[in-house]
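Residue numbers (my numbering), protein chains in the order written: chain A, 251 to 567; chain B, 24 to 282. Idealized CB from N, CA, C, for every residue including glycine. A short write-up of the structure that comes next.
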Amino acid sequence: MAEILVLVEHVDGDVKKVTLELLTLARLLGEPAAVWAGPGYSDIAKGKLAEFGAEKVYVADSADIVDHVVAPKAELLASLVASRAPAAVLVASTAEGKEVAGRLAVKTDSGVITDAVGVGEGLVADQSIFGGGVNVHSRVAKGTPIIAVRPNSTAPVPATGAAAEEKVDVELSDSARAAKIVERVKQEKGARPELTEAAIVVSGGRGVGSGENFAIIEKLADSLGAAVGASRAATDAGWYPHAFQVGQTGKTVSPQLYIAAGISGAIQHRAGMQTSKTIVVINKDPEAPIFEIADFGIVGDLNQVVPQLTAEIAKRK
Amino acid sequence: MNIVVCVKQVPDTATERKLRSDDKTLDRDAADGVINELCEYAVEEALRLKEAHGGEVTVLTMGPDKATDTIRKALAMGADKAVHLVDPALHGSDALSTSYAMAQTLKKIGFDLVILGSESTDARTGMLAAMLAERLGAPQLTLANKVEIGDGAIRVQRVTDYGFDKVEASLPAVVSVVEKINEPRYPSFKGIMAAKKKPVQTFGIADAEIDAAQVGVANAWSEVTDFAVAPPRAAGTVVKDEGDGGVKAADFLASKKFI
Ligand SMILES: Cc1cc2nc3c(=O)[nH]c(=O)nc-3n(C[C@H](O)[C@H](O)[C@H](O)COP(=O)(O)OP(=O)(O)OC[C@H]3O[C@@H](n4cnc5c(N)ncnc54)[C@H](O)[C@@H]3O)c2cc1C
Ligand SMILES: Cc1cc2nc3c(=O)[nH]c(=O)nc-3n(C[C@H](O)[C@H](O)[C@H](O)COP(=O)(O)OP(=O)(O)OC[C@H]3O[C@@H](n4cnc5c(N)ncnc54)[C@H](O)[C@@H]3O)c2cc1C
């Protein structure tokens with residue numbers, strides 16, 4: 251069976267959830283082979299990759315790979331595409347994952363599909379476009395299919411793999427080192443999950459009323475182990491940082507559960523969350539368009555409903 | 024400094040967007056064309072860099088005839104001139120072909136700095152800047168929320184999951200910008216009038232030495248096999264808060280096993 255390369259997303263030596271999703275998907279398409287780029291490969295990481303079915307792990311652990319923007323990862327993958335002839339390459343459809351995919355596509359003269367929400371037989375991808383309005387089947391016609399898959403598209407399912415380690419040495423070209431990362435600045439974000447990866451997202455909009463009042467949104471999020479999101483009205487007002495904006499010019503999220511409080515549901519907001527599996531809405535205006543896509547909606551004041559819901563969740567734990 | 028800013032015309036998100044039933048490409052006639060919002064931030068950043076360091080700002084657009092409206096908008100904001108890459112052969116190009124055609128054009132017109140938006144609102148692949156950097160062999164300084172030029176170097180803050188990376192390179196370079204890097208200016212009346220007289224050069228594929236076999240829907244590296252309008256979400260339950268809205272929401276979450 252041909253290999254399916256999966257670019258591992260990792261932080262502090264630990265494998266991110268989206269990679270486990272990609273491995274789960276890769277098992278249906280061929281033999282999953284994980285690609286670890288950068289330092290920090292550990293027994294913990296190996297254990298996780300094995301648990302979710304990686305038969306092989308290509309490890310390229312030089313610091314050079316992560317000290318330059320994107321290009322080294324594409325070079326690493328391109329060398330593996332040339333030497334292993336995989337059936338496909340899967341990456342996470344995050345801002346950086348898509349950039350890696352783009353450069354890899356140019357290097358290997360291969361087609362690339364972004365924002366896939368599923369991949370089926372014959373490597374046909376499902377894409378959800380125009381903010382969830384149209385469902386598309388697409389496929390790569392030339393080269394090695396490169397598919398960027400949206401986080402939360404598949405539930406990770408364990409299945410043991412050998413995770414046989416194979417070291418890879420890459421000689422980075424000068425052009426791969428052209429943009430050097432001179433400093434990494436970690437901004438405080440507490441213990442909450444990554445917005446695009448989170449299984450549950452709780453978002454607040456203009457109806458929250460102030461930056462201080464976002465505390466009630468955060469408390470609800472924390473009671474569910476969720477990430478916090480915000481509408482553009484809220485980020486424009488400076489109530490919440492732009493990095494947490496959901497929508498057309500913000501992040502696209504596709505969680506199991508999306509809770510929208512004080513958000514009207516403008517098309518540009520919906521473009522970033524419409525493919526969420528379950529949507530719960532809290533809004534005082536029964537005419538708000540967001541109710542059209544709600545699985546469960548409460549017409550009411552979020553200042554009453556949100557704290558009550560948080561308390562109720564705590565009670566039932 | 025010779026700054027080229029890439030500006031895309033996209034269908035207005037407020038109108039209904041469709042794919043064509045014949046070749047399954049975006050129906051650009053069905054909706055009003057507007058400037059891709061993130062491209063406005065790119066134009067603004069280009070203008071600020073020109074104001075600080077001197078030079079010239081050229082708009083580069085690949086798109087059908089009607090994309091001239093979008094070019095005029097960028098010129099009205101203050102860009103000096105434009106190149107419009109327009110050719111029937113380019114219709115339906117995917118990201119590989121688009122980046123190829125744009126890279127060929129950039130090689131022809133020359134640049135010290137290329138600035139793009141980080142994403143378009145129609146296709147949203149977010150790959151163009153990275154692909155151009157790859158094709159041009161220029162450093163990739165993408166997803167920037169801050170750009171500085173000085174001492175022969177360019178420095179940007181690249182937005183990441185955890186905060187940002189400080190990135191450094193030398194010119195020529197390719198930059199993409201995220202929302203909120205700046206506040207795009209509104210074209211003034213004077214700017215709008217002046218834009219009418221600014222030079223817009225039209226390039227066909229031959230002018231940019233673009234190989235016809237590498238562009239267009241028939242030569243795309245990826246293809247849409249079929250599509251369908253998404254079925255509307257099944258109507259959900261909506262209840263009015265009568266003092267127990269939070270409890271009812273918790274009941275719903277419990278029924279779905281979220282708690
Ligand atoms: C090109 C473009 C790109 C855009 N990109 C994005 C994007 O990425 N993300 C995004 O979100 N928007 C985006 N927008 C903006 C979008 O059009 C809307 O303006 C925005 O989403 C509105 O945010 P909101 O729902 O929080 O605010 P509003 O539309 O003002 O809605 C506030 C809602 O809160 C309710 N409310 C008020 N008080 C309470 C209360 N006490 N309790 C309960 N409910 C209450 C109101 O009934 C109302 O429905 C974009 C717009 C454009 C033109
Ligand atoms: C719904 C949809 C889905 C698609 N999915 C795919 C896919 O999965 N794979 C694929 O290969 N192609 C895909 N395409 C084709 C793709 O849209 C075009 O190749 C497009 O021109 C480049 O991608 P983008 O708009 O996503 O660029 P992005 O990378 O999202 O745009 C970033 C920036 O690039 C610049 N830019 C982009 N296009 C132009 C232009 N024509 N002229 C000037 N500047 C420009 C702008 O500065 C813009 O802000 C898709 C098209 C549609 C309509």
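query, result
"Spatially closest choice to B:Trp244 from A:Met523, A:Ala391 and A:Ala493, by CA coordinates", "A:Ala391"
"Own chain partners of A:Ser378 with C-beta closer than 7 Å, once the 5 adjacent residues on each side are dropped", "Val367, Asn385 and Thr525"
"Beta carbon proximity, B:Ile282 to chain A, threshold 8 Å", "yes"
"beta-carbon B:Asp145 near ligand 2 non-hydrogen atom, thresh 7 Å", "yes"
"DSSP three-state assignment for A:Ser378, whether helix, strand or coil", "strand"
"Same chain, Cβ closer than 8 Å to B:Met125, neighbours up to 5 away in sequence not counted", "Cys29, Leu83, Met85, Leu108, Leu151 and Leu155"
"Proximity test, Cβ basis, 8 Å: A:Gly566 and chain B", "A small correction: the amino acid at residue 566 of chain A is Arg; Gly does not occupy that position in the sequence shown. For A:Arg566, the answer is yes, since a Cβ of chain B falls inside 8 Å of its Cβ."
"A:Thr519 Cβ short of 7 Å to ligand 1 heavy atom set", "Sequence inspection shows His at residue 519 of chain A; the Thr mentioned does not correspond to that position. Yes, ligand 1 has a heavy atom inside 7 Å of this Cβ."
"Minimum C-alpha distance to A:Ala487 - residue among B:Val198, B:Ile233, B:Glu142 and B:Lys203", "B:Lys203"
"Members of the region 222 to 236 of chain B that neighbour chain A once the beta carbon cut-off is set at 8 Å", "none"
"Per-residue burial, A:Thr446 [other beta carbons within 10 Å of its own, 16 or more giving buried]", "buried"
"Residue-level contact to chain B via CB, A:His519, 8 Å cutoff", "no"
"DSSP-derived helix/strand/coil call for B:Phe275", "helix"
"B:Tyr209 burial status per 10 Å Cβ neighbour count (16 or more: buried)", "exposed"
"Contact test: A:Ile397 Cβ vs ligand 1 heavy atom, cutoff 7 Å", "no"
"Distance cut-off 7 Å: B:Asp117 Cβ against heavy atoms of ligand 2", "yes"
"Interface flag, B:Leu61 vs chain A, CB-CB below 8 Å", "yes"
"Close Cβ partners of B:Thr38 (< 7 Å) along its chain, the five nearest in sequence each way excluded", "Ala54 and Asp55"
"Exercise answer, beta-carbon shell around ligand 1 heavy atoms below 5 Å", "A:Gly455, A:Arg456, A:Gly457, A:Ser481, A:Arg482, A:Ala483, A:Gly497, A:Gln498, A:Thr499, A:Gly500, A:Gly512, A:Ile513, A:Ser514, A:Ala516, A:Gln518, A:His519, A:Asn533, A:Lys534, A:Asp535, A:Ala538, A:Asp551, A:Leu552 and B:Glu60"
"Sheet register partners of B:Ile172 (DSSP bridge)", "B:Ile177"
"Closest by C-alpha distance to A:Asp535, when choosing among A:Ala313, A:Gln554, A:Ser514 and A:Gln518", "A:Ser514"
"DSSP-derived helix/strand/coil call for B:Met150", "coil"
"Collapsed DSSP secondary structure at B:Pro87 in the structure displayed", "coil"
"Any chain B beta carbon closer than 8 Å to A:Thr269", "no"
"Per DSSP, the bridge partner or partners of A:Lys430", "A:His318 and B:Glu191"
"A:Val350, enclosing alpha helix (DSSP H) - first and last residue", "Ala345 to Thr358"
"C-alpha gap between A:Ser388 and A:Ala375, whole angstroms", "5 Å"
"B:Asp234 to B:Val106 span [Cα, whole Å]", "19 Å"
"CA nearest to the CA of A:Ala448, picked from A:Gly479, A:Lys436, A:Arg434 and A:Glu433", "A:Gly479"
"Coarse secondary structure for A:Arg482, derived from DSSP in three states", "helix"
"Cα-Cα separation between A:Val285 and A:Val309, rounded to whole angstroms", "6 Å"
"Nearest to A:Gln558 (by Cα), restricted to the options B:Asp274, B:Lys280 and B:Leu194", "B:Asp274"
"For A:Thr410, three-class secondary structure by DSSP", "coil"
"Burial state of B:Arg181 (16 or more Cβ within 10 Å)", "buried"
"Straight-line Cα distance separating B:Ala99 from B:Ala229", "29 Å"
"Near ligand 2: B:Glu142 beta-carbon under 7 Å from a heavy atom", "yes"
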